[in-house]
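Novice: For reference, the structure I am asking about is given below.
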Amino acid sequence: MPQQLAVIVLVDVGNALESRTLEGNTYLFDNMKLQGSENQGTGELVTAINGSYWSDGSQASEQVLNWLPYSLGSIPPTVPRGYEAERARQTDEQALTELDHLAATSGTTGVDAASELSRIRQSAGRRVKTTRRTRGRLSGQKVLDVTGNVVSDGGTQAHSYPAPVITDICGQAVDEKVIYPAEYGSPDLVTDGWYWSATVDTSRPGTYAYTMRIQLHQLVEQGGESLWEPVNLTCESKIRVTTEPKRNAFTQAGLGLLPVPPRAFS
Amino acid sequence: MNPKVSIVVVVDVIGALSDGTLRNGNLCMIDDGEQSTGQGTPELCTVVQPGQVVTWSALAVDLQTPVEIKSITFLDPDAEAGDAEAGDAEAGDAEAGDAAHAPERTEGAAGTGNAGARSERNGPGPERNGHAPGRHNPELEVWSGVVPHLAPGVAHQYRLEVQMYEGEHSTLHIASPALMCQ
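Protein chains in written order, with the working numbering: chain A, 2 to 267; chain B, 102 to 283.
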């Protein structure tokens with residue numbers, strides 16, 4: 002059926018950054034399982050693209066592919082867009098309240114002001130530095146874990162990663178002009194306002210490989226500051242293009258009379 | 102006379118599957134005929150002339166949802182009681198009295214007309230062009246035909262079955278649209 006074809010690219014960002022490869026750390030799914038896609042949920046997905054043609058050989062239907070990258074072990078992309086900024090503001094306010102309380106009680110015995118200050122600093126977290134290369138949804142915000150709590154030491158504690166970003170789609174299927182990919186602006190903020198999409202020339206059946214260039218982000222400490230450093234990796238997948246002739250549904254061949262049961266002319 | 106008449110079936114797939122019916126505004130039909138009645142409703146009566154080519158196509162309101170025409174069967178008024186419309190009455194629908202207007206989930210190859218031929222095609226077969234064995238691909242079918250000589254002034258009702266993705270609850274039908282010669 003002529004629905005848009007979606008390929009979900011689910012990346013285990015933590016492990017991919019550690020091993021510096023997407024191989025074995027990427028899980029691909031599409032919505033064409035019933036139409037013949039194979040190896041769903043693995044890195045070996047073969048996406049079925051079933052085209053059709055008219056009796057004169059011209060392409061009869063348009064197949065459109067969309068890629069959606071998701072991160073495994075991140076705050077879901079479906080939380081409100083301002084979630085990270087909101088959490089940063091909330092934790093700042095909480096720290097101020099705790100500081101107020103500390104100021105009021107610091108003179109009394111039994112209060113270790115130094116250790117209390119250290120604790121408040123920990124729970125307030127730290128904002129990630131924004132640089133020209135690391136601008137993005139999460140730069141300038143605090144490092145959070147997947148439950149939305151502030152992480153004070155991103156170097157050692159588990160934390161949420163920014164979503165993977167597809168920066169290019171290339172390879173055999175593109176070189177041979179079977180798919181025509183491009184990045185488009187999108188009103189869907191779940192994908193940060195951008196997505197990769199391609200139309201498919203279904204006139205040449207066969208299996209074609211393509212490569213996605215994917216950018217991940219690693220939290221690094223530099224000069225006493227944290228920043229998201231981009232890491233560029235690649236991931237391969239395949240499409241299998243088939244095409245079949247259109248036919249008349251009533252006759253299973255060419256155009257004919259409509260099968261209307263005869264009725265007496267009055 | 103325009104040599105062609107196009108009938109478009111617009112389906113709110115999510116609405117239809119959620120409600121389990123093509124009524125409640127989940128399906129509407131439009132054609133480009135000049136004297137048709139019931140435009141924008143499931144009761145579209147398309148006025149045609151012998152020799153005209155009528156083409157039906159399905160459109161989804163939400164472009165991300167799949168919908169295709171699964172079958173179009175012209176009803177034989179003499180056999181109507183024994184047709185799938187008997188099933189409509191069993192549905193206990195509030196409109197059961199008006200059988201032709203009651204939508205119903207389609208049970209397998211119920212009905213007459215081309216439904217028999219269809220189930221044959223749905224059966225197991227050799228693998229074709231990389232598809233799963235015998236998979237019926239409704240996208241390949243063009244619902245088009247030439248209007249024969251019909252009794253004038255009589256609404257020839259047809260049963261329109263649509264398929265939304267696959268699975269046992271994926272097909273629904275209506276029996277309210279018609280073609281009519283003047």
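Every residue, glycine too, gets a C-beta built ideally from N, C-alpha and C.
Decide yes or no for the touch test of the stretch 36-51 of chain A against the stretch 6-15 of chain A: beta carbon pairs closer than 8 angstroms, at least 3 of them.
Specialist: Yes, since at least three Cβ pairs between the stretch 36-51 of chain A and the stretch 6-15 of chain A fall closer than 8 angstroms, the two stretches touch.
Novice: Report the start-end ranges of each alpha helix (DSSP H) in the stretch 139-176 of chain A that is 4 residues or longer and not cut off at the edges.
Specialist: Those alpha helix (DSSP H) runs which fall completely within the stretch 139-176 of chain A and span 4+ residues are 173-176.
Novice: Per DSSP, what kind of secondary structure is D113/A in: helix, strand or coil?
Specialist: The sequence position of residue 113/A within the first sequence is 112, counting from 1. It is coil, neither helix nor strand.
Novice: Using a Cβ-Cβ distance cut-off of 8 angstroms, determine whether G257/A contacts chain B.
Specialist: Taking the first sequence and counting its residues from 1, one reaches residue 257/A at position 256. Yes, G257/A lies at the interface with chain B (some Cβ there is under 8 angstroms from its Cβ).
Novice: Between the stretch 68-80 of chain A and the stretch 144-159 of chain A, do at least 3 Cβ pairs fall closer than 8 angstroms?
Specialist: In short, these stretches touch, since the Cβ pair count reaches three.
Novice: Reducing DSSP to helix, strand and coil, say where Y196/A ends up.
Specialist: Here residue 196/A corresponds to residue number 195 of the first sequence, with the count starting at 1. In this structure, Y196/A counts as strand in the three-state DSSP scheme.
Novice: Would you report the Cα separation of Y84/A and G126/A, rounded to the nearest angstrom?
Specialist: Numbered from its first residue, the first sequence carries residue 84/A at position 83. Numbered from its first residue, the first sequence carries residue 126/A at position 125. Going by the C-alpha atoms only, they are around 16 angstroms apart.
Novice: Once DSSP output is grouped into helix, strand and coil, what is the label at V80/A?
Specialist: For this step, residue 80/A is matched to residue 79 along the first sequence. In the structure shown, V80/A sits in coil (DSSP, three-state: anything other than H, G, I, E or B).
Novice: Please list, in chain order, all residues of the same chain as L280/B whose beta carbon is under 6 angstroms from its beta carbon, the five residues on each side excluded.
Specialist: Within the second sequence, numbered from 1, the residue matching residue 280/B stands at position 179. Only T147, V149, H257 meet the Cβ criterion.
Novice: Where do the N-terminal and C-terminal ends of the alpha helix (DSSP H) with V258/A fall, by residue?
Specialist: Along the first sequence, read from residue 1 onward, the residue named residue 258/A stands at position 257. Looking at the sequence provided, one finds Leu at residue 258/A rather than Val. Unbroken run through L258/A: none, as it is neither H nor E.
Novice: Short check: CB of T156/B to CB of S277/B, under 8 angstroms?
Specialist: In the second sequence, counting from the first residue as 1, residue 156/B sits at position 55. In the second sequence, counting from the first residue as 1, residue 277/B sits at position 176. No, the Cβ-Cβ distance between T156/B and S277/B is not below 8 angstroms.
Novice: Use the C-beta contact count for C171/A: other C-beta atoms within 10 angstroms, 16 or more gives buried, fewer gives exposed.
Specialist: The count along the first sequence starts at 1 and reaches residue 171/A at position 170. With fewer than 16 other Cβ atoms within 10 Å, it is exposed.
Novice: Span of the alpha helix (DSSP H) holding L18/A?
Specialist: Locating residue 18/A in the first sequence gives position 17, where the first residue counts as 1. Residues 14-20.
Novice: So is H270/B buried or exposed if we call it buried at 16+ other beta carbons inside 10 Å?
Specialist: Stepping through the second sequence from its first residue, residue 270/B is reached at position 169. Looking at its Cβ environment, which holds fewer than 16 other Cβ atoms inside 10 Å, H270/B is exposed.
Novice: Run through chain A and tell me which residues come within less than 9 angstroms of P178/B, C-beta to C-beta.
Specialist: What you label residue 178/B is simply residue 77 of the second sequence in a count that begins at 1. Neighbours of P178/B on chain A, chain order: P262, R264.
Novice: Quick one: grab the DSSP three-state call for L123/B.
Specialist: The sequence position of residue 123/B within the second sequence is 22, counting from 1. Reduced to three states, the DSSP call for L123/B is coil.
Novice: Should P167/B go down as buried or exposed, given a rule of 16 or more other Cβ atoms within 10 Å for buried?
Specialist: Your numbering for residue 167/B matches position 66 in the second sequence. By the 10 Å Cβ count, P167/B comes out buried.
Novice: Between C282/B, L251/B, L261/B, Q264/B, which has its C-alpha nearest P262/A's C-alpha?
Specialist: Position 261 of the first sequence holds residue 262/A. Here the closest residue by C-alpha is L251/B.
Novice: Measuring alpha carbon to alpha carbon, tell me which residue in T122/B, V154/B, E240/B is nearest R248/A.
Specialist: Numbered from its first residue, the first sequence carries residue 248/A at position 247. Taking only the C-alpha atoms, the option nearest R248/A is E240/B.
Novice: Given that A96/A touches chain B, what residues does it touch there, using C-beta distances under 9 angstroms?
Specialist: As a first step, residue 96/A is located in the first sequence; it is residue number 95 there, counting from the start. Ordered by position in chain B, no residue passes the 9 angstroms Cβ test against A96/A, which lies about 44 angstroms from the chain.
Novice: In the structure shown, what three-state DSSP assignment does E184/A receive?
Specialist: Reading the first sequence from its first residue, position 183 is the one you call residue 184/A. Residue state, collapsed to three classes: strand.
Novice: I'd like the span of the beta strand (DSSP E) that includes F266/A, first residue to last.
Specialist: Within the first sequence, residue 266/A is the residue found at index 265, counting from 1. Element bounds for F266/A: n/a, residue is neither H nor E.
Novice: Could you pull the DSSP bridge partners for A279/B from this structure?
Specialist: Here residue 279/B refers to the residue found at position 178 when the second sequence is read from its first residue. Answer by DSSP bridge pairing, in chain order: C146/B, Q258/B.
Novice: Counting only beta-carbon atoms, is R205/A nearer than 8 angstroms to chain B?
Specialist: As a first step, residue 205/A must be located in the first sequence, where it is residue number 204. Taking Cβ atoms only, chain B never reaches closer than 8 angstroms to R205/A, which makes this a no.
Novice: Among the residues of its own chain, which have a CB less than 8 angstroms from the CB of F251/A, if the five just before and after it don't count?
Specialist: Position 250 of the first sequence holds residue 251/A. If we look at F251/A and ignore the five residues flanking it on each side, its Cβ neighbours are G257, L259, P260.
Novice: Closest Cβ-Cβ distance between S245/B and chain A: below 8 angstroms?
Specialist: Locating residue 245/B in the second sequence gives position 144, where the first residue counts as 1. S245/B counts as touching chain A.
Novice: Give the residues from the stretch 107-139 of chain B that approach chain A closer than 8 angstroms (Cβ to any Cβ), ordered along the chain.
Specialist: Per Cβ criterion, the list is empty.
Novice: Can you tell me whether S53/A is buried or exposed? The criterion is at least 16 other CB atoms within 10 Å of its CB, across all chains shown.
Specialist: The residue labelled residue 53/A in the question sits at position 52 within the first sequence. By the neighbour-count rule (16 or more Cβ atoms within 10 Å), S53/A is buried.
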